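Following: one structure in structure tokens, then a few remarks.
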Amino acid sequence: VVPDFDVEREKDALFLINVRNAELHTGDPAMANVPNPKWLPRFIRVADVVCSHLGVDPADLVTDDVEAHARALVDDEDAKTRHEVTTKISGAKDFYQRLAAPEIQQRTPTLSVGYDWSEWEKVTCPACATPITMSLIHLRSGAEQIDGDEVRTDTIWVADDLECPVCGLHLEGTAEIAAAGLEQQYVRTVTESLEDRYANADEYIDYDYGND
Numbered sequence: 098v099v100p101d102f103d104v105e106r107e108k109d110a111l112f113l114i115n116v117r118n119a120e121l122h123t124g125d126p127a128m129a130n131v132p133n134p135k136w137l138p139r140f141i142r143v144a145d146v147v148c149s150h151l152g153v154d155p156a157d158l159v160t161d162d163v164e165a166h167a168r169a170l171v172d173d174e175d176a177k178t179r180h181e182v183t184t185k186i187s188g189a190k191d192f193y194q195r196l197a198a199p200e201i202q203q204r205t206p207t208l209s210v211g212y213d214w215s216e217w218e219k220v221t222c223p224a225c226a227t228p229i230t231m232s233l234i235h236l237r238s239g240a241e242q243i244d245g246d247e248v249r250t251d252t253i254w255v256a257d258d259l260e261c262p263v264c265g266l267h268l269e270g271t272a273e274i275a276a277a278g279l280e281q282q283y284v285r286t287v288t289e290s291l292e293d294r295y296a297n298a299d300e301y302i303d304y305d306y307g308n309d
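One rule links them: number in this note's numbering = place in the sequence shown (from 1) + 97.
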């Protein structure tokens, strides 16, 4: 019925259906147990095929933040991307092996405490094993949760760019970074005390209201 709904999309759809059925019909919190990188890429692939067949834009059915998150996490199953990443890593390894010890030391970055670590993640370079930083982009924030005297919010970030100053390896985008075996998604928890949140509440209260 839908030509592009091939065997791979059938597998994706069955996975999603099984998770949905477990969530609704058993005591298993299935959606909480399946990480986003496992189900969101499958979801957007199936949505793209079905929406294309119906002549509908997926953006009309899925919120912008969820669609962006899903597309950023699309699994790297493209042989071309894997080949390109393997070639990049191999070239960077060759370059690293030709460096003298003083050059390696000079190129090795110092991971300063001054970084805004919400936008960066410390990783090991896939080519030369040097500890470096990888840039992240913010995609969306979860619902606020009250925990004692604090408000906690989980913010979702995905890997965006990796560039090693030592061996010169440069991976662009989530797909290349995932193909190199690094994590795609990161969660940062933002906390705010209730005291800080409502410290200036008096500014918004009209104590004379109703006294005129």
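Backbone N, C-alpha and C define an ideal beta-carbon position, used for all residues, glycine too.
The model shown is predicted, which means the values in this text are computed figures rather than measured ones.
- Under the three-state reduction of DSSP, P228 is assigned to strand.
- Going by DSSP, R106 is part of the alpha helix (DSSP H) stretching over V104 to H122.
- A straight line joining the alpha-carbon of C225 with that of R195 spans about 12 Å.
- DSSP, reduced to helix, strand and coil, places D154 outside both helices and strands of the structure shown, so it counts as coil.
- Ranking S290, H267 and V287 by CA distance to the CA of A189 puts H267 first.
- Closest option to N133, judged by alpha-carbon separation, among L259, E181 and L113: L113.
- Sixteen is the threshold: when 16 or more other Cβ atoms of the shown chains lie within 10 Å of the Cβ of P138, as they do, the residue is buried.
- Beta-bridge annotation (DSSP): S290 is paired with E247.
- Where E269 is concerned, the enclosing beta strand (DSSP E) starts and stops at H267 to E269.
- Contact between I201 and V263 holds: CB atoms are separated by about 6 Å, below the 8 Å threshold.
- Just so you know, the alpha carbons of Q242 and H150 end up roughly 40 Å apart.
- Secondary structure at E164: helix, using DSSP grouped into helix, strand and coil.
- Per DSSP, E218 is not a residue of any alpha helix (DSSP H); the beta strand (DSSP E) it occupies stretches across W217 to T221.
- A straight line joining the alpha-carbon of V171 with that of A296 spans about 42 Å.
- For R195, there is no enclosing alpha helix (DSSP H), as DSSP marks it with neither H nor E.
- DSSP, read as helix, strand or coil, puts E260 in strand.
- A straight line joining the alpha-carbon of E216 with that of V98 spans about 44 Å.
- Rounded to the nearest angstrom, the gap between the Cα atoms of R106 and D125 is 25 Å.
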